[in-house]
Every structure is written in structure tokens, then in C-alpha cells.
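This report refers to the structure that appears directly beneath it.
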Amino acid sequence: MIKMQRGLRTAFVAMALAGTVFAPVSALAAGKLTVSSPQDPGSWDPIDTFLVNWASVSTNIFDGLTYRGPDLKLVPGLATSWEVLDNGMRIRFKLREGVKFHNGEAFDAEAVKFTFDRLLGPEGAKGPQQSNYNSIGSVEIIDANTVEFKMKVADPVILTKLAGYGGMIVPPKYIAEKGDAYFNAHPVGTGAFKFVSYEPKVNIVLAANPDYFGGAPKISDLEYKFISEPATAVAELQAGRVDIVIPPTIPIGMIPTIQGNAKLAVVTSPGPTVYALRFNTRDGITKDPKVRQALIMGVDRDAIIKSILGGQAQPIASFQGPLSFGFDKAMKPLPYDPAKAQALLKEAGVAPGTALQIDLRGNEATFIEVAQAISAYLQTIGITATIKPYETNVLLNDIIPNGKTGAMFQQSWGGWTLDYDNTAVAMYKTKEKWNPYDSDPKMDDLLAKQRTITNVAEREKVLQEIAHYAADRALEMPLYNLNAIFGINKRVKNFTPVPDSRLKFTDVTVD
Amino acid sequence: MVSRSASSNFLKLEFVLGALLVGVIGLAVIFSGVIFPGGAEKIDLMSRLVPPFTKPAHVLGTDPLGRDVLARVMAGGKISLLVGFVSVAGGVVFGTVMGLVAGYYRGIWDMLVMRFADIQLALPFILLAITFIAIVGGGLANTIILLIVSQWVQYARLVRGSVLTLREREFILSARAIGVKDWRIIVQHLLPNLIGPVIVLMTLNVATNILLESSLTFLGLGIDPTIPSWGGMLAEGRTYLQTAWWVSVFPGLAILLTVLGLNLLGDWLRDSLDPTGRTSA
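Those sequence lines, one after another, are chains L and H.
Under the numbering used here, think of the first position of the first sequence as 1, with each following residue one higher.
Under the numbering used here, think of the first position of the second sequence as 512, with each following residue one higher.
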């Protein structure tokens, strides 16, 4: 018996040794990392999505021509260098050589052209990404490793956008062979991790790509579990079944729970997500800018940040955080001044006890608390605010676009380009989906003007002007810029939180 | 067979306990406005999450917005009890009328009402709730209507069953033979004879509906979060369960005690209305 065991053991050792000989690279990478993500995007095709939680997985599968890392600086990705020509009307990219897709297909100029033809063609028109890239006219192949983008209009943000969702390079032969539907559930890219399996609403499993051009990842396996319920995600973290819980999952109220556990830690970083209560500027008492200013001044936003948000947010003066291009440091929020607020309301002829309604997403525990505090502050200046919770999709796709909100409604926004252009156009441009009430020719002009400017400093000035103009008209009650909150197990080493949730797990190790 | 005296003692205990629980909670809820004027809504961000039994001003502690938990539990009962009682009353009236019509007239009426009831019973409650609220919206009145819509069937079936046995009994046949009008037979002869089991079902359903309101609010399908209700408080306290248990435990306890009290009363009522243990329908 003993002899047999020894024999078996020898066999195993021999097999293991053989394994290391045959697969030396995978033996270097070791350990599995499990990540809890609050949402399953449903499709992994880059042109099908605009969800942050698509990117928090797919950044590990796909690459763009450019790449924006945790420091938010733009660096070469699949392109090694680029030249901007003709005042931004042509951009020429030199492509990285010797890169292969996970299925063995070569990455070359052909793949880049295919990606953008697909994005800008009928297939891309079905998804939400195309509109971000409409400034691109066509992509021309110069040689196997050089492409040229011919622009319809100069686009100051295009290099950033190429690092964004729709700009992810996809494999032409694979998609032609397998079809789009198969690609949605079986993504193939050039990224640091290869797709292994995907079970909708449950998980997606990835494995290290040892040939990754940026260097092989230090872990061998990566699994994302989709857990939407914060209490469940935190319980999994406490139980050690999940190593990292990524935002937006953990409510402020649960931070002490995680901090109370010696094996866990809370890591935060400034994030792109800003919160505001926007006004119905078309009807009712909030039609009057004075009333809107009064409502802003009637709410002590700093106290809300300090108490309910545990300091995990910064006050904002316009609808953008400090990371956003177009942010003006010198701009100060309207002060908390209930006396002045009451005076303004009186001036505007608003009777004490006037009622208004705040619409919000019914599933955001923290914001519901914030809204109740706001309602209490408004009570002190003589406004009776009721709160109406909606299912998130109903609020975003029916109530706001069709102008059926109360006097105030929740808007949370996390523009991944971190450029105020993206936010301001969606919020203030006439007839945009989420701007049902306001139409202002001066605002429209400013928004159109900044898109044509390629000079960085000049464009920043115009964006700041837009921010000031929106604040002068008091188009919304800017509340705060919330930190990105990660819960991690301390066995995870080398983890850098990123502001835009686009985590790349190449350098992370696990004990 | 339990001896009569022993069982009547037991009945008494059920009644005393049940009445005490429901009475005390009812009074606390009714007079919450007098005991804590405006206390349930008063937000004080400086004293958030005060633990219970530490400050005399906040005996049961405060919630994440610094509101007094005791005041909120007492005020929150208004919504919960209102929903519980009004929805049951609505369900009973509608269901009983439907059951009487179906059972007494039979024929096409019976077929229509009972087939409709069967269809409705085939739908799970949550599906019905989500569809209903997606169409007509949330809020207090709609929540009550939803509960009535989902529960009248129980009463209709119970009443119809009783009517089917009663309508063949001699006293009904003789009433008919001497030409008593239908509505008089129904009101004077049928109703008093079948109301017992209905009352019992009512007491049980008040408890069920308080729990249903809680779960609807918990799912975010219910009521304005600024209006305190037991279910809403449970939902709010969920994120704080591990660091501030009192935010959700006390409203949960209030639900538990109310439901327990009502169930005790229901048991007592069933036994005293039905001493032979006869099952109806």
C-alpha cells in the first residue's frame, strides 16, 4: 500500500514537472482573483454597451489604440505612436507589431479598419457607442502597420475616446466566422486576460494571457461574480469568497462594517461620479431662477457630505468633479444661507408651505438618505418636499426623457471621458434625451463652439464658461462628487484603485 | 379530546395576550403624534446612529439621519396598520359580495366569478404586484388597492363554499318557499351564518397584509421614504445591520409583536366561534 502511494506520488511529481516543462509561462502566474461587480452588462461586444461595469471587466479583455491608465494620462495602447495632421482632420497611427488576438489571429491595420467600419456601420448603429465616434469619417489602411483616421470634423476628445468602450479593437476573422451573437457571449480581444466562460447573471471567468504585449499578468485566473445586492457582496467579501468589491456597490453606511474586519480594507479614490438634483426649468415654481437659487442655498450640502457620506465626497459648484476637463478650481458653490434663501423665495412670491416633488432612483440607499436630508432642509425654508422613488430604468427612460418629473429629480453622472463636453451636452443641449425642459440658444452656441476648438487651453476656457453659465442660471442643485469605494481583502497586493472603474489586473498579486 | 375547562383557560390566555399586544401597540400608534410631536420626521445630522439605551432623549437610539427610532416606530405603525386594516376591509366587502352572488345564484355568475378567481390565483403575488405598480404607480392608495385586488379571491371562495352548503338547508328552502325576496335571504339568513370563518380569515389577513406592505416597501414598490412605515424602516436599516442593528431590529420587532397579537386574537376568535372544531367549506 505504502509502496503504491509512493509510486503514485512519483507519478504526480513527474507529471507536474512535465507540466512545468511544457507550460513554463503559466507556472509563473499563480493565484486566482475573484471580483464582485454589481451588474452583468449582458453582452461583451464593445459596441453594444455604455455601462461602467462592462468596462471594469472588458478592459482586461480588449485594448484600444490608446490607453488611459489609473493616472488618467493617455499612453500608447495598440498604437505605438500617432501624429495629428491638418489641424486634427487626419490622425495617423503606427500600430504595435507582433500582437495576436486570443484566438491566434494577427492584429494589424485590417483589424483596426474592420473595428471602425463595424462601429460606424449598421451593426454599430444598433448600439449606443456609435454616437461617440461620429466625428470619424473613415479609416484608411496605409500599410499593414499604419492606419489613418480621416475625420469629418476635428474632435478634441477623439484620442481619449479611442481608449474608450467603442474604440476597443475586435478580431475580424473571428467575428466573420462565428457571428455577432456568438461574439457577444464569447469575447476575443488582445488583452491581458483571455475569455474562458460566461454564465449570464452569474459570472464571467478569464485566464491570464501569457503573451500579452504589456507583459503577462501576475495572477493566473480572474473571475467576476455579478452581485447586485450590496449586503450580499459585502457578506461574500467577509466570508473570503470574493477578493474585491468594485463600485458602485458599497453604500457609505457599510464602510464601517468592512473597516471593522481585520482581514479587509476600504480603498477609495476620487471618482468621476457626480450627483445633482436637477430642476424642472419649464414649469412650476422652479421656472424662476431665483427660486432655484433659493433652493440651492437652503440645503447645507457640506453637512450632508460630512455626516451621511462620511466625508467620502467633495462639494461641487458645477456638474463635474475635479478630474473632469473643464473643471474650474476657482468656482465656488453657492453658500448655505437659509435666511437669504427665504428672502429670495419671498421675493419670487413663493408662499411658505409650497410643495414640490423630488424624483429619484428607488434602489440607491445612500441617495435616498441624502434626499430625505435635503427634504428636511427645504422644510426649514418653508418648502414641503415629497420624495418619489422610481425604478431606475423607468426614471431614466421614461420619466426624465418625457418631462414627467417633479420640480426636482436625481441625476447621477459618471462620464468616462472625464471631459465636461460629454456631461454638458447631455444635460444642457436643447432636445437631448435627458434635457426635457431647457432650451437656451446661448448655451447651445457655447456647446457647439467648444467642439470645434482643438487648442486645449482655449477649449478648457469655453467649457469653464459653460459651467459658470449653467451655475448662474442655477440649472441644477450641484451636490457632490462621490469617491469610488472599493472593498478589498488584504490578501490582494499591488491593487491601485482607478477613478473610472476600468481596472486592469495585470500587476495585482494574491497571497 | 381536551377537557372543556382546560381548553377555555387556554383560550383566555390567547385572548389576554393578543388583546394586550394589539391594544398597547394600537394605542402607541394612535397617540404617537401626542407623545412625540413631529418627532418622527425631525432630522438631526449631528446625532446620527446613536445606540439605544444610551441617551434619555433617544431611548431606542437614532437612525442614519438622526431621527428618533422610537418615535418612528410608533408613527410608522400608522401606515402599516392603516394598510393592514383598510386593505382587509376592502377585500372582505368585495370578496363576500362576489362569493354570495356566485354561491346563491350559481349558473353564469358562479362560472364567471370562480373562473376569474382561478385565473388570479394562478398568478404569483410578486408578479401581480410588479405589474400593477408598473401600470398605476406606487404610493399608499395604490398599495392598498393592490392588496385588495390580490386578496378578495380568498373571501369569495370561502363565502361561496359556505353558501353552497347553506342554500340547500331547510331554513333557506322554507324561506324561499314562502316567497322571501333574494336579498333578504342573503342578508338575513345567509350572511349571519357564514360570517364566522370570514372574521377569522380577516384577523389572519391583517397580519399578512402588514407583512406584505413591508415587503412591497422593502422592494421599493411602496411608499414615499420620508413617511415612516415599518417596512420602509426595515429596508433603510438593511445597510446598517452589522454596525447599527437597532435601526432595523425595532421596527422588525413591532411587526413581529403586532402579527403575533393578531394571530392570537384570530385563533381565539376561531375557537370561540367554532367550539366543535367544524371546518367550513
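By construction, the Cβ of each residue, glycine as well, lies at the ideal position given by its N, Cα and C atoms.
Using a Cβ-Cβ cut-off of 8 angstroms (strictly less than) and excluding sequence neighbours within five positions of Asn720 (chain H), which residues of its own chain qualify? Val594, Gly595, Ser598, Val599, Leu658 and Gln662
Is DSSP giving Glu83 (chain L) helix, strand or coil here? strand
If you draw a straight line from the alpha carbon of Phe505 (chain L) to that of Val188 (chain L), how long is it in whole angstroms? 17 angstroms
Would you mind telling me which residues of chain L sit closer than 7 angstroms to Asp735 (chain H), beta carbon to beta carbon, in chain order? Thr386, Ile387 and Lys388
When you compare only the Cα positions, how much space is there between Asn209 (chain L) and Phe193 (chain L)? 5 angstroms
Going along chain H, which residues have a C-beta under 8 angstroms from Ala373 (chain L)? Ile554, Leu556 and Leu576
Along the stretch 239-254 of chain L, where does the CB come closer than 7 angstroms to a CB of chain H? Name the residues. Residues passing the 7 angstroms Cβ filter: Pro251, Gly253 and Met254.
So Tyr480 (chain L) and Gln314 (chain L) are supposed to be a Cβ contact under 8 angstroms. How far apart are they, rounded? 6 angstroms
Between the CA atoms of Ala539 (chain H) and Leu531 (chain H) - distance to the nearest angstrom: 12 angstroms
Taking C-beta to C-beta, are Asn53 (chain L) and Gln39 (chain L) nearer than 8 angstroms? It is a contact, given that the beta carbons lie within the stated cut-off.
Short CB-CB distance (under 8 angstroms) between Ser514 (chain H) and chain L: Summary for Ser514 (chain H): the model assigns pLDDT 44, below 50, so the residue's position carries little reliability, and this model does not support an answer.
Alpha helix (DSSP H) runs wholly inside the stretch 160-234 of chain L, at least 4 long, in chain order: 172-178 and 180-185
Please report the residue range of the beta strand (DSSP E) in which Arg92 (chain L) lies. Run containing Arg92 (chain L): Arg90 to Leu95, per the beta strand (DSSP E) assignment.
Give the DSSP-derived three-state secondary structure of Asp540 (chain L) in the structure shown. Coverage of chain L is limited to positions 1 through 511, which leaves residue 540 (chain L) absent and any answer about it impossible.
Per DSSP, the bridge partner or partners of Gly487 (chain L): L:Val245 and L:Val266
Compare the Cα-Cα distances from Asn393 (chain L) to each of L:Asp86, L:Glu364, L:Lys32 and L:Gly382 and report the closest residue. L:Glu364
Take the Cβ of Trp694 (chain H) as the centre, count every other Cβ of all protein chains shown within 10 Å, and call the residue buried at 16 or more, exposed below. exposed
Leu632 (chain H) burial status per 10 Å Cβ neighbour count (16 or more: buried): So Leu632 (chain H) counts as exposed.
Determine the chain L residues that contact Thr565 (chain H) at a beta-carbon separation under 7 angstroms, and present them in chain order. Within 7 angstroms Cβ-Cβ: nothing; Thr565 (chain H) doesn't reach chain L, min ~17 angstroms.
Let's see if you can read the secondary structure: which residues bound the beta strand (DSSP E) around Phe596 (chain H)? Run containing Phe596 (chain H): none in the beta strand (DSSP E); it sits in the alpha helix (DSSP H), Val580 to Tyr616.
Shorter than 8 angstroms from the beta carbon of Ile400 (chain L) to some beta carbon of chain H? no
State the DSSP-derived secondary structure class of Leu531 (chain H), mapped to helix, strand or coil. helix
Let me know the alpha helix (DSSP H) ranges lying completely inside the stretch 667-694 of chain H, each 4 residues or longer, listed in chain order. Scanning the stretch 667-694 of chain H for uninterrupted alpha helix (DSSP H) segments of 4 residues or longer gives 681-688, listed from N- to C-terminal end.
Determine the closest residue to Lys32 (chain L) out of L:Ile244, L:Phe409 and L:Asp398, with distance taken between C-alpha atoms. L:Ile244
Determine the burial state of Ile710 (chain H): buried for a count of at least 16 other Cβ atoms within 10 Å of its Cβ, exposed for fewer. exposed
Which residue or residues does DSSP assign as beta-bridge partners of Asn481 (chain L)? L:Val274 and L:Gln314
Rounded separation between Glu223 (chain L) and Pro70 (chain L) - CA only: 21 angstroms
Taking CB distances under 8 angstroms as the criterion, tell me whether Ala231 (chain L) reaches chain H. yes
Endpoints, alpha helix (DSSP H) assigned at Ser543 (chain H): Ser543 to Ile546
Do the stretch 288-296 of chain L and the stretch 389-406 of chain L make contact, defined as three or more Cβ pairs closer than 8 angstroms? no
Cross-strand partners of Val139 (chain L) (DSSP beta bridge): Beta-bridge pairing links Val139 (chain L) to L:Phe149.
Could you pull the start and end residues of the beta strand (DSSP E) that Gln410 (chain L) belongs to? Where Gln410 (chain L) is concerned, the enclosing beta strand (DSSP E) stretches over Met408 to Trp413.
In three-state DSSP terms, what is Arg301 (chain L)? helix
What residue from L:Thr452, L:Pro200, L:Phe149 and L:Leu475 has the CA that sits closest to Gly137 (chain L)'s CA? L:Phe149
Give the interface partners of Arg559 (chain H) over in chain L, defined as CB-CB distance under 9 angstroms, in chain order. Ser307 and Ile308
Spatial neighbours of Pro635 (chain H) in its chain, beta-carbon cut-off 7 angstroms, leaving aside the 5 residues before and after: none
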